[in-house]
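Under our numbering, the first residue of the sequence shown carries the number 4, and numbering increases by one thereafter.
Note that the Cβ used here is the ideal one computed from N, Cα and C, for glycine as well.
Note that this is a predicted model, so its numbers are computed, not measured.
Read through the structure below, which is laid out as C-alpha cells, and then see the notes.
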Amino acid sequence: MDALRVDGRYALRRLRQTPVFTAVAALSLGLGIGVNSAAFGVVSSILFRPFPAEHSEELVDVYMRDAGGFEYAPMSYLDLQELRAQNEVFVDAVGA
Numbered sequence: 004m005d006a007l008r009v010d011g012r013y014a015l016r017r018l019r020q021t022p023v024f025t026a027v028a029a030l031s032l033g034l035g036i037g038v039n040s041a042a043f044g045v046v047s048s049i050l051f052r053p054f055p056a057e058h059s060e061e062l063v064d065v066y067m068r069d070a071g072g073f074e075y076a077p078m079s080y081l082d083l084q085e086l087r088a089q090n091e092v093f094v095d096a097v098g099a
C-alpha cells in the first residue's frame with residue numbers, strides 16, 4: 004500500500020510539472036467519456052425502448068428455422084404472406 008501512495012505522489016508531481024500535457028490529457032479523457040456516454044444513451048434509447056404499440060407486452064417474435072436447425076433464419080415476404088394466410092392464433096403479422 005505504501006508503494007501505491009509513493010507512486011501516486013510521484014504521478015501528481017510529474018503532472019504538475021507539465022501543465023499543458025495535464026490539461027490536454029484531462030480534456031481528451033473528459034471528451035472521450037462524454038462522447039461515449041452520449042452515444043450509449045442514444046443507442047440505448049433506440050434499441051431498448053418499448054415498441055410503440057398498444058398492448059406491447061402481448062407482442063411476440065416469430066422466426067423461421069432452416070433445415071440445418073439454424074434459428075432466426077431470414078423470412079421472405081412470401082413466407083410472411085403464408086403465415087398470415089394460415090394464421091389462426093395471432094391478430095396480425097408484420098415483417099421488418
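Three-state secondary structure (DSSP) at residue i?
i, result
"residue 13", "helix"
"residue 74", "strand"
"residue 8", "helix"
"residue 68", "strand"
"residue 18", "helix"
"residue 61", "helix"
If I follow the unbroken alpha helix (DSSP H) through residue i, where does it start and stop?
i, result
"residue 84", "80 to 88"
"residue 47", "22 to 50"
Nearest to residue i by alpha carbon, out of the options?
i, options, result
"residue 63", "97, 8, 13", "97"
"residue 65", "32, 74, 57, 58", "74"
(request) Kindly confirm or deny that the region 69 to 83 and the region 49 to 60 touch, where touching means at least three C-beta pairs closer than 8 Å. (result) The region 69 to 83, when compared against the region 49 to 60, does not touch it at the 8 Å Cβ threshold.
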